[in-house]
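Engineer:
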Amino acid sequence: MMPPDRIEFPTCPVASVQHDRVMLAHGEGGRLMRQLLREKIAPAISLGNPASSTSILENEAATFPVLDGEMTITTDSYVVSPLFFPGGDIGSLAVFGTVNDLAVSGADPLWLTLGLILEEGLPFEVLDRILSSIGIAAKQCGVSIVAGDTKVVPKGVVDKIFINTTGVGRMRDNGSLGSHRLHEGDAILVSGPIGHHGIAVLAAREQLGLTPPPRSDSAPLHESCRCLHDALGRDLHAMRDATRGGVSAVLHEWSEASSHTLKLRESLIPIAPDIRGACELLGLDPLYVANEGTFVAAVAPSAVARALKVLQGLDVSRNATIIGEVAKKQSAPVIVERLLGIWQPLDEPSGAPLPRIC
Amino acid sequence: MKFVDEFREPELALRLVAQIRETATRRWVLMDVCGGQTHSLLRYGIELALEECVELIHGPGCPVCVTSCESIDFALHLAMLPNVIVASFGDMLRVPGSRESLLDVRARGGRVQMVYSPMDAVELAKNHPNCKVVFFAVGFETTAPATALAALHAEQLGLDNFRILVTHVRVLPAMEALMLSPVNRVQAFLAAGHVCAVTGFAEYDAFVDRFRVPVVVTGFEPIDLLQGIVDAVQQLESGSHSVSNCYTRSVGRQGNINAQNIVETVYEVADRDWRGFGSIQKGGLRLRNRFERFDAEKRFEPIAVNPIASANACLSSQVLSGQIKPTQCPHFGNACTPDSPLGAPMVSSEGACAAYFRYQWLQSK
Numbered sequence: 004m005m006p007p008d009r010i011e012f013p014t015c016p017v018a019s020v021q022h023d024r025v026m027l028a029h030g031e032g033g034r035l036m037r038q039l040l041r042e043k044i045a046p047a048i049s050l051g052n053p054a055s056s057t058s059i060l061e062n063e064a065a066t067f068p069v070l071d072g073e074m075t076i077t078t079d080s081y082v083v084s085p086l087f088f089p090g091g092d093i094g095s096l097a098v099f100g101t102v103n104d105l106a107v108s109g110a111d112p113l114w115l116t117l118g119l120i121l122e123e124g125l126p127f128e129v130l131d132r133i134l135s136s137i138g139i140a141a142k143q144c145g146v147s148i149v150a151g152d153t154k155v156v157p158k159g160v161v162d163k164i165f166i167n168t169t170g171v172g173r174m175r176d177n178g179s180l181g182s183h184r185l186h187e188g189d190a191i192l193v194s195g196p197i198g199h200h201g202i203a204v205l206a207a208r209e210q211l212g213l214t215p216p217p218r219s220d221s222a223p224l225h226e227s228c229r230c231l232h233d234a235l236g237r238d239l240h241a242m243r244d245a246t247r248g249g250v251s252a253v254l255h256e257w258s259e260a261s262s263h264t265l266k267l268r269e270s271l272i273p274i275a276p277d278i279r280g281a282c283e284l285l286g287l288d289p290l291y292v293a294n295e296g297t298f299v300a301a302v303a304p305s306a307v308a309r310a311l312k313v314l315q316g317l318d319v320s321r322n323a324t325i326i327g328e329v330a331k332k333q334s335a336p337v338i339v340e341r342l343l344g345i346w347q348p349l350d351e352p353s354g355a356p357l358p359r360i361c
Numbered sequence: 032m033k034f035v036d037e038f039r040e041p042e043l044a045l046r047l048v049a050q051i052r053e054t055a056t057r058r059w060v061l062m063d064v065c066g067g068q069t070h071s072l073l074r075y076g077i078e079l080a081l082e083e084c085v086e087l088i089h090g091p092g093c094p095v096c097v098t099s100c101e102s103i104d105f106a107l108h109l110a111m112l113p114n115v116i117v118a119s120f121g122d123m124l125r126v127p128g129s130r131e132s133l134l135d136v137r138a139r140g141g142r143v144q145m146v147y148s149p150m151d152a153v154e155l156a157k158n159h160p161n162c163k164v165v166f167f168a169v170g171f172e173t174t175a176p177a178t179a180l181a182a183l184h185a186e187q188l189g190l191d192n193f194r195i196l197v198t199h200v201r202v203l204p205a206m207e208a209l210m211l212s213p214v215n216r217v218q219a220f221l222a223a224g225h226v227c228a229v230t231g232f233a234e235y236d237a238f239v240d241r242f243r244v245p246v247v248v249t250g251f252e253p254i255d256l257l258q259g260i261v262d263a264v265q266q267l268e269s270g271s272h273s274v275s276n277c278y279t280r281s282v283g284r285q286g287n288i289n290a291q292n293i294v295e296t297v298y299e300v301a302d303r304d305w306r307g308f309g310s311i312q313k314g315g316l317r318l319r320n321r322f323e324r325f326d327a328e329k330r331f332e333p334i335a336v337n338p339i340a341s342a343n344a345c346l347s348s349q350v351l352s353g354q355i356k357p358t359q360c361p362h363f364g365n366a367c368t369p370d371s372p373l374g375a376p377m378v379s380s381e382g383a384c385a386a387y388f389r390y391q392w393l394q395s396k
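Order-wise, the sequence lines are chains A and B. For the first sequence, the numbering used here assigns the number 4 to the initial residue and increments by one for each residue that follows. For the second sequence, the numbering used here assigns the number 32 to the initial residue and increments by one for each residue that follows.
#1: For the stretch 208-233 of chain A, which residues have a beta carbon sitting closer than 8 Å to at least one beta carbon of chain B?
#2: Would you kindly report the start and end of the unbroken beta strand (DSSP E) that includes residue 206 of chain B?
#3: Okay, do the stretch 30-40 of chain A and the stretch 135-143 of chain A touch, 3+ Cβ pairs below 8 Å being the bar?
#4: Using beta-carbon positions only, say whether residue 328 of chain A and residue 189 of chain A come within less than 8 Å of one another.
#5: Bridge partners for residue 92 of chain A per DSSP, in chain order?
#6: Taking all protein chains shown into account, do 16 or more other C-beta atoms lie within 10 angstroms of the C-beta of residue 183 of chain A, making it buried, or fewer, making it exposed?
#7: Identify every residue that forms a DSSP beta bridge with residue 154 of chain A.
#8: Can you have a look at residue 340 of chain B and say buried or exposed, based on whether 16 or more other CB atoms are within 10 angstroms of its CB?
#9: Name, please, each residue of chain B whose Cβ falls closer than 8 Å to the Cβ of residue 341 of chain A.
#10: Do the stretch 112-124 of chain A and the stretch 142-160 of chain A meet, that is, are 3 or more Cβ pairs less than 8 Å apart?
#11: Given a threshold of 16 other Cβ atoms within 10 Å of its Cβ, counted over all protein chains shown, does residue 284 of chain A qualify as buried or as exposed?
#12: At a cut of 8 Å, does the stretch 282-295 of chain B reach the stretch 236-247 of chain B through at least three beta carbon pairs?
#13: Going by DSSP, what residues sit across from residue 303 of chain B in a beta bridge?
#14: Going along the chain, which residues of its own chain have a beta-carbon closer than 8 Å to the beta-carbon of residue 177 of chain B, five neighbours each way excluded?
#15: Alpha carbon to alpha carbon, how far is residue 297 of chain A from residue 128 of chain B?
#16: Does DSSP put residue 26 of chain A in a helix, a strand or coil?
#17: Since residue 204 of chain B contacts residue 314 of chain B with CB under 8 Å, what's their CB separation in whole angstroms?
#18: Between which two residues does the beta strand (DSSP E) holding residue 89 of chain B run?
#19: For the pair the stretch 308-317 of chain A and the stretch 248-255 of chain A, tell me if three or more CB-CB distances fall below 8 Å.
#20: Could you check whether residue 33 of chain A and residue 220 of chain A sit closer than 8 Å to each other, using their CB atoms as the reference points?
#21: CA-CA distance, residue 121 of chain B and residue 69 of chain B?
#22: Counting pairs of beta carbons, one from the stretch 154-172 of chain B and one from the stretch 185-201 of chain B, are three or more of them closer than 8 Å?
#23: At a Cβ threshold of 8 Å, is residue 16 of chain A touching chain B?
#24: Could you check if residue 262 of chain A is buried or exposed, using at least 16 other CB atoms within 10 Å of its CB as the buried criterion?
#25: Please tell me whether residue 156 of chain B and residue 175 of chain B are closer than 8 Å, where the distance is taken between their beta carbons.
#26: Taking Cβ to Cβ, would you say residue 264 of chain A is nearer than 8 Å to residue 331 of chain A?
#27: Counting only runs of 4+ residues fully inside the stretch 54-130 of chain B, write out the alpha helix (DSSP H) ranges in chain order.
#28: Counting only beta-carbon atoms, is residue 143 of chain A nearer than 8 Å to chain B?
#29: Of the residues that make up the stretch 268-284 of chain A, which ones have a beta carbon closer than 7 Å to any beta carbon in chain B?
#30: How many angstroms separate the CA atom of residue 68 of chain A from the CA atom of residue 166 of chain A?
#31: When DSSP labels each residue in this structure, what does residue 145 of chain B get in the three-state scheme?
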């Protein structure tokens, strides 16, 4: 029997729509939006936990069990420019930043929400890289992304992509933390050399041409915070990640909240040579420069050796060191012993530190 | 860090402090000309350490502090014009004119761009062919070569949308104006090391002979400053006066000839208004005729001069000329703080008022 004649159907003259960049329609709730969620966002964020994409795809509120003890919640928005910089990108930053906020408050991070505001015209190649980075970072931190929202706004309304993440964590029960627990005599430590993130982003944004380009310290701190907390228990008094405003901002907040003066020794503050060089060149004080993978902690004097041993045993905090102490309230909230042995107040900067001109 | 740490060595610094104390038989009045020196002197506590034997008066060498109010007002006006972008160094953006600053204007919708180098402003012009990009060129002889280079580069590219608002100032005429002032108290100068790196210091010979004051070319690190002060105090004690160079690792007698040639090609010496001083003869630079197509003052309509309302309260003229210390101003720390400055010296990272606020006042509160 002869095979039936093959009937050649004319091909459709309109190719199926394959955009290479984000269109306004991707945010308008229709087929394109579902396609974006199904093909791009859900696969990326479910890297760590396949179940986590369900509520995002089905546009439902996420449900999770009520746990014993205390829960904690925090939110942060990420608008960094450029989106990619040596040592990180806006995607991993949006995960680590919120995870770190939970970690330093004494919580184990569990869940994140993910809000994306996309600029019309954002190339999918860029979005893909960011989503992939979010997925890998969430897996690294052991958190599930359980709910989310995506909006697309007309070109020029936002700068490429803004991200909001909200994090939920479970408070550890080995001692409360906070500036209210600072005591005179407490040692102040930093978990690593300071100033990397701010200088890396500045150098990348302004194309300063520093060689090699400084790298951001962007990293998750949940593990080092948990280990420190477990080892020290109630001897750990406060932790804070030194993000915007740097170490100076943390110490000023602690001073105000606790009515103590915080004393630093400039000679003890760890700064990598390339970061120090860039700061000298630009007239910036590294104490004011942002970090994204470095925290400040106040510990009881008797626990200093234990604290350093624990932190230095972990890669992310291997250069942890003591930089000062908590002292009785003086006129200035934060004072620094400069190199000639003279104590100076550490002022809070007005607005963003702007480089000097000559 | 090499080239930094050896100039901050605490033991050597303390030895130099002791040497100055031993040498001085009376309290001498020295002026550190440059704002960068002022900040180092305060940051490292050198001023306090030497309080008994040296009075340090902080001179006019903060470039944004001496930029005239009228020039800032003109830049503010330009930033609000359609299709005009004003670019300048970060420090300049916060300095108030008669009413507001470039950052205020930006918040109101003006186009203001911070740049790290004048060449970035040329790039900006290249990338915005439909806009006029005005580079607000402030600063002493230190920044003039870079802005001159930008003008040459723009000329080479044939850009017709690049403009420069030149407010460059020259340090030596200001030192002369200070010496000629009837209220002058300065007995020796720590000359600005970075300026001398460009200009050299041969031109100070005539100044020293005329006014019979020691001039010591001085750097910015604690050891540099202390060595400069040692030299100045030794000269004063022995009754001599000469130009000496305590910043030899950066400064030669003839300076940077290439930089001088570039400045000479693009600019000519002119009288200029200084904030706090008024007009100073030969106190600044202006573009030569060859570059007049880039000259913002010639290419844009002039504006009426505003009566200077807020500047009346600010005593910056007395601070910049060394008549009063910042802390002697009634507004210091009260109406005038870095968060709400009445005048430029409280804004700039090199301003004397900001230095006192940061390093001394907070502690004495």
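Built from N, CA and C at the ideal position, the CB exists for glycine as well.
Structural biologist: Short version:
#1: From the stretch 208-233 of chain A, only 209, 211 have a Cβ closer than 8 Å to chain B.
#2: Unbroken run through residue 206 of chain B is the alpha helix (DSSP H), 202-211; no beta strand (DSSP E).
#3: Taking 8 Å as the limit for Cβ pairs, the verdict is that the stretch 135-143 of chain A does not touch the stretch 30-40 of chain A.
#4: Annotated as proximal: residue 328 of chain A and residue 189 of chain A, with beta-carbon spacing under 8 Å.
#5: Residue 92 of chain A pairs with A/87.
#6: The residue in question, residue 183 of chain A, is exposed, as its Cβ has fewer than 16 Cβ neighbours within 10 Å.
#7: Answer is A/120.
#8: Because the pLDDT at residue 340 of chain B is just 47, under 50, the model does not fix this residue reliably, and the value given afterwards should be weighed accordingly. That one is exposed.
#9: Chain B residues near residue 341 of chain A: 74, 75, 76.
#10: By the Cβ criterion, the stretch 112-124 of chain A is in contact with the stretch 142-160 of chain A, since at least three pairs of Cβ atoms, one from each stretch, lie closer than 8 Å.
#11: Under this definition residue 284 of chain A is an exposed residue.
#12: No, they do not touch.
#13: Listed as beta-bridge partners of residue 303 of chain B by DSSP are B/311.
#14: The answer, listed in chain order, is 148, 149, 150.
#15: So the alpha carbons of these two residues sit roughly 40 Å apart.
#16: Residue 26 of chain A falls in the coil class under three-state DSSP.
#17: For a cut-off of 8 Å, the C-beta gap from residue 204 of chain B to residue 314 of chain B is around 4 Å, short enough to register as a contact.
#18: It spans 85-92 - the beta strand (DSSP E) in which residue 89 of chain B sits, taken as one unbroken run.
#19: The stretch 308-317 of chain A makes no contact with the stretch 248-255 of chain A; the number of CB pairs closer than 8 Å stays below 3.
#20: Contact flag unset, no.
#21: In a straight line, the C-alpha of residue 121 of chain B is about 19 Å away from that of residue 69 of chain B.
#22: Counting C-beta pairs closer than 8 Å gives three or more between the stretch 154-172 of chain B and the stretch 185-201 of chain B, which meets the contact rule.
#23: Per-residue confidence for residue 16 of chain A stands at a pLDDT of 45, beneath the threshold of 50, marking its modelled position as unreliable; the derived number appears in the next sentence. No - not a single Cβ of chain B is within 8 Å of the one on residue 16 of chain A.
#24: Residue 262 of chain A should be labelled exposed.
#25: No, Cβ-Cβ distance for residue 156 of chain B and residue 175 of chain B is not below 8 Å.
#26: The Cβ-Cβ distance between residue 264 of chain A and residue 331 of chain A falls below 8 Å.
#27: Within the stretch 54-130 of chain B, the complete alpha helix (DSSP H) runs of at least 4 residues are 66-74, 77-80, 94-97, 100-110, 121-124.
#28: By this cut-off, residue 143 of chain A is not an interface position.
#29: For the stretch 268-284 of chain A, which is checked against every Cβ of chain B, the residues closer than 7 Å are 276, 279, 280, 283.
#30: Taking the CA atoms as reference points, residue 68 of chain A sits about 26 Å from residue 166 of chain A.
#31: Correct three-state label for residue 145 of chain B: strand.
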